[in-house]
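Residue numbers (my numbering): 1 to 587.
Glycine is no exception: its CB is placed at the ideal position from the N, C-alpha and C atoms.
Note that the structure is a prediction, hence the values are computed from the model and not measured.
All remarks here apply to the structure that follows.
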Amino acid sequence: MKHPWISSLALVSLLLCAPFSTAAFAANDLLGDADWTVIGAPENVALSVLQTPGLPAGNTQEIQVAVKKAVDPYYGIQITATLAQAPKAQDRIRYRFWARASESNPIRAVVETVGAPWTGIAASRIVLTPQWKEYVVSGELGADPNQPLAARFQVGEDPGTLEFTGVHVEDLGPDPAVAAAERAVQPQAVEARIRRYRMGTLTVQVRDAKGRPIKNAQVAVHMTRHAFLFGCNFFELRPQDSSPTQIQYRTEFAALFNYATLPFYWGAFEPERGRPSYQRLDAMADWCLAHGITPKGHPLVWHEVYPSWAPAEADAAIPLLHTRATDIVTHYHSRIHYWDVVNEASNGASYSPPNGESRWLGRDGAPQVVETALGWARKAGSGVPETFLYNDYDTGPANVALLTQMRKDDALPDAVGIQSHMHDGVWPLSKLWRICETFAQFDRPLHFTETTVLSGPKQDSGWDTTPDGERAQADYVAKFYSLLFSHPSLRAITWWDFSDAGAWQSAPAGLVRKDMTPKPAYDRLKQLIRHDWWTNDSGSAGPDGKYSTQAFYGDYTVTAVVGGRHAKGTVSFPEGAGKQTVILIVR
1 MKHPWISSLA
11 LVSLLLCAPF
21 STAAFAANDL
31 LGDADWTVIG
41 APENVALSVL
51 QTPGLPAGNT
61 QEIQVAVKKA
71 VDPYYGIQIT
81 ATLAQAPKAQ
91 DRIRYRFWAR
101 ASESNPIRAV
111 VETVGAPWTG
121 IAASRIVLTP
131 QWKEYVVSGE
141 LGADPNQPLA
151 ARFQVGEDPG
161 TLEFTGVHVE
171 DLGPDPAVAA
181 AERAVQPQAV
191 EARIRRYRMG
201 TLTVQVRDAK
211 GRPIKNAQVA
221 VHMTRHAFLF
231 GCNFFELRPQ
241 DSSPTQIQYR
251 TEFAALFNYA
261 TLPFYWGAFE
271 PERGRPSYQR
281 LDAMADWCLA
291 HGITPKGHPL
301 VWHEVYPSWA
311 PAEADAAIPL
321 LHTRATDIVT
331 HYHSRIHYWD
341 VVNEASNGAS
351 YSPPNGESRW
361 LGRDGAPQVV
371 ETALGWARKA
381 GSGVPETFLY
391 NDYDTGPANV
401 ALLTQMRKDD
411 ALPDAVGIQS
421 HMHDGVWPLS
431 KLWRICETFA
441 QFDRPLHFTE
451 TTVLSGPKQD
461 SGWDTTPDGE
471 RAQADYVAKF
481 YSLLFSHPSL
491 RAITWWDFSD
501 AGAWQSAPAG
511 LVRKDMTPKP
521 AYDRLKQLIR
531 HDWWTNDSGS
541 AGPDGKYSTQ
551 AFYGDYTVTA
561 VVGGRHAKGT
571 VSFPEGAGKQ
581 TVILIVR
């Protein structure tokens with residue numbers, strides 16, 4: 001969420017000129033003659049409109065934005081214009097423009113609703129270069145938002161001079177896929193798919209010692225664990241800490257989740273060369289396993305959180321990355337079987353300041369880098385069932401192109417990781433469904449690896465959770481998880497930051513507050529995961545000694561009681577099995 005807490009600033013040119021019209025950009029009817037303004041701190045930004053010869057595509061006027069100082073969050077400085085006309089519900093839009101920067105500079109191009117919850121219609125992170133280039137960002141309106149829409153450039157990530165010309169926001173008309181997505185997100189459709197894809201028939205066959213069926217045995221089926229992975233990053237886990245806050249943090253986490261992401265960021269894991277932090281991560285992994293939580297490592301190869309001591313050149317960095325990936329996977333061979341092997345390679349080559357890994361991406365290309373790193377991990381993990389992921393926030397053409405090339409090379413990851421940080425506002429459910437459909441084409445399990453939904457807007461006084469924000473968070477979270485749980489390609493959902501304490505960007509992203517008390521979103525998720533999508537059932541075996549029930553996939557204890565005698569067993573009902581039978585012998 002954003003905007004209300006960012007002070008508005010009239011357009012600042014060299015002479016503090018008035019807001020400029022979209023006519024300067026030859027924009028189409030969606031923008032019309034809407035005025036553009038800048039929002040942000042006056043000391044950090046200056047803007048001017050110039051008549052400039054030689055602009056691309058026959059344009060004659062450009063806007064220059066001078067960002068003097070980076071801000072956090074990056075959308076603290078934006079150029080924005082409200083669309084004169086809104087596209088029709090379920091229409092596809094195209095946001096296109098020419099742009100360049102004095103040096104490599106990341107921005108986000110966004111079309112979204114003007115007011116809360118700032119629903120994103122189209123958005124993409126783009127790294128501008130000193131060369132003019134046309135950029136295209138597409139999206140779908142979905143249902144009518146009943147709010148005006150705005151086109152924005154969010155430019156606060158790095159200082160520098162940025163230039164824009166030829167801005168267009170176009171209505172491309174209805175897209176049949178959008179209408180299909182709208183049907184798919186309806187509650188009845190979601191519930192039907194959950195029952196179709198997440199449940200099967202679990203049968204308990206009760207027999208005596210001679211193998212004969214026992215009728216009328218009292219059978220109980222109790223779920224102990226989901227096959228689906230419901231998780232969160234667990235970065236604040238300190239197993240030896242007996243403080244009340246830490247105990248509650250661990251207790252609330254374990255009461256909800258069966259999956260935990262542990263931090264292996266290179267610069268933090270090995271701040272001094274040759275001294276990796278195995279002791280800390282060992283304790284975290286062991287605690288998870290002791291409490292029935294599957295640990296996952298994140299990430300092995302990433303161009304950010306790069307050690308200060310690591311080399312800046314690709315040829316020197318690659319052998320160190322190879323050793324790091326091999327050593328870590330080998331060390332946790334019996335404990336961690338899920339790994340984000342490579343993180344965010346699709347845009348890593350433009351990372352600034354460049355380092356050995358980003359230069360490797362720039363030299364060899366993202367597909368080759370990801371394939372190489374996956375090869376290292378697979379060799380180190382051979383002999384044990386492992387799931388090696390490629391993880392990215394890019395849900396658009398860049399990531400699709402990367403995975404398409406990997407498929408051509410017969411080198412796809414074991415699962416595709418999709419990030420869904422929604423600090424800018426929640427995604428329409430139809431967009432979420434279409435993302436799933438887009439990446440399901442690669443025939444790999446999908447993991448939503450980093451999900452953020454906030455429970456409060458940023459204010460001048462800070463970024464805190466609010467009662468209204470908590471209610472909105474809970475409502476969206478229930479819809480988000482239900483929709484993803486209903487998609488047949490999904491195998492895992494990981495929330496990002498369990499508590500507001502220590503959350504990324506200091507945002508109210510947690511399911512629990514800073515004092516570890518649960519928010520409504522926590523309670524809503526617990527109702528879904530541990531009750532609505534949980535099977536505890538009982539009844540009498542029939543004449544054939546069988547008792548059957550529709551059960552969610554997962555692990556179970558089963559018992560049978562006949563005339564004071566009883567039998568007990570366990571069964572794993574794997575995802576997608578359809579049917580499973582367990583035999584209990586009552587002696």
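Residue 120: first and last residue of the uninterrupted beta strand (DSSP E) it sits in = From DSSP, the beta strand (DSSP E) with residue 120 extends over 120-128.
Is there contact here, the region 153-167 with the region 103-118, by at least three beta-carbon pairs under 8 Å?
-> The region 153-167, when compared against the region 103-118, does touch it at the 8 Å Cβ threshold.
Would you check if the region 524-539 and the region 260-279 touch, i.e. whether three or more CB-CB distances between them fall below 8 Å?
-> They do not touch, by the three-pair rule.
Output yes or no for whether 7 Å exceeds the beta carbon distance between residue 645 and residue 185.
-> A question about residue 645 goes unanswered here, because the residues of the chain that appear run from 1 up to 587.
As assigned by DSSP and simplified to three states, the class of residue 298 = It is a strand residue.
Three CB pairs or more closer than 8 Å across the region 316-333 and the region 378-393 = Yes: at least three Cβ pairs fall under 8 Å.
How many Å lie between residue 28 and residue 350 at the Cα?
-> Annotation note: pLDDT 43 at residue 28 (below 50); position unreliable, coordinate value reported separately. Taking the straight line from one Cα to the other gives about 31 Å.
Ignore the nearest five residues each way along the sequence and tell me which others in residue 587's own chain have a CB closer than 8 Å to its CB.
-> Closer than 8 Å at Cβ, skipping near neighbours: 208, 209, 565 and 567.
Sorted by chain position, which residues of the same chain lie with C-beta nearer than 7 Å to residue 215's C-beta, five sequence neighbours on each side aside?
-> Exclusion of the five residues before and after residue 215 leaves 541, 542, 543 and 545 as the residues of its chain whose Cβ lies within less than 7 Å of its Cβ.
Between which two residues does the beta strand (DSSP E) harbouring residue 644 extend?
-> Nothing about residue 644 can be read from this structure; the chain reaches only from 1 to 587.
Just the Cα atoms here: how many angstroms apart are residue 244 and residue 227?
-> Cα to Cα, residue 244 sits roughly 31 Å from residue 227.
Just tell me which of 580, 583, 584 and 576 has its CA closest to the CA of residue 193.
-> Out of 580, 583, 584 and 576, the CA that lies nearest to the CA of residue 193 is found in 576.
In the DSSP assignment, what residue or residues form a beta bridge with residue 209?
-> As DSSP reads the structure, residue 209 sits in no beta bridge.
For residue 286, which three-state DSSP category applies?
-> Taken through DSSP and simplified to helix, strand or coil, residue 286 comes out as helix.
What span of residues does the beta strand (DSSP E) with residue 134 cover, start to end?
-> Looking at the DSSP string, the run of the beta strand (DSSP E) that includes residue 134 is 133-140.
Neighbourhood of residue 348 by C-beta, 6 Å cutoff - its chain only, sequence neighbours within 5 removed = Closer than 6 Å at Cβ, skipping near neighbours: 303, 358 and 361.
Just grab the DSSP bridge partners of residue 272 for me.
-> In the DSSP output, where bridge partners are listed per residue, residue 272 has none listed.
Near residue 254, which residues of its chain fall below 8 Å by C-beta distance, leaving aside the five closest residues on each side in sequence?
-> A distance below 8 Å between beta-carbons, with the five flanking residues on each side excluded, links residue 254 to the following residues of its chain, in chain order: 291, 292 and 293.
Which whole-angstrom value is the C-beta distance of residue 463 and residue 508, which I expect to be below 8 Å?
-> Correct: roughly 6 Å between the Cβ atoms.
Backbone secondary structure at residue 180 - three-state DSSP = Helix at residue 180.
Closest residue to residue 378 among 188, 327 and 418 (Cα-Cα distance) | Taking only the C-alpha atoms, the option nearest residue 378 is 327.
Who are residue 151's beta bridge partners in DSSP?
-> According to DSSP, which records beta bridges pairwise, residue 151 is partnered with 81 and 111.
Counting only runs that start and end within the region 301-336, where is the alpha helix (DSSP H) found for 4 or more residues in a row?
-> Listed in chain order, they are 314-331.
Taking three-plus beta-carbon pairs below 8 Å as touching, is the region 267-276 in contact with the region 298-318?
-> Short answer: they touch.
If you draw a straight line from the alpha carbon of residue 514 to that of residue 550, how long is it in whole angstroms?
-> Spanning the two alpha carbons is a distance of roughly 39 Å.
With a Cβ-Cβ cutoff of 7 Å, do residue 344 and residue 392 count as a contact?
-> Yes, the Cβ-Cβ distance between residue 344 and residue 392 is below 7 Å.
For residue 24, which residues from the same chain have a beta carbon less than 7 Å from its beta carbon, with the 5 sequence-adjacent residues on both sides left out?
-> Because residue 24 sits at a pLDDT of 38, beneath the cut-off of 50, its placement in the model cannot be relied upon, and the following sentence gives the value as read from the coordinates. So the qualifying residues of the chain are 49 and 61.
Inter-stretch contact (C-beta, 8 Å, three-pair minimum) for the region 415-429 and the region 365-378 | The answer is no - the region 365-378 does not touch the region 415-429, with fewer than three Cβ pairs under 8 Å.
Grab me the residues of residue 115's own chain with a C-beta within less than 7 Å of its C-beta, minus the 5 sequence neighbours each way, in chain order.
-> These residues qualify, in order along the chain: 147.
Is the number of C-beta pairs between the region 51-66 and the region 159-171 that are closer than 8 Å three or more?
-> Touching, yes.
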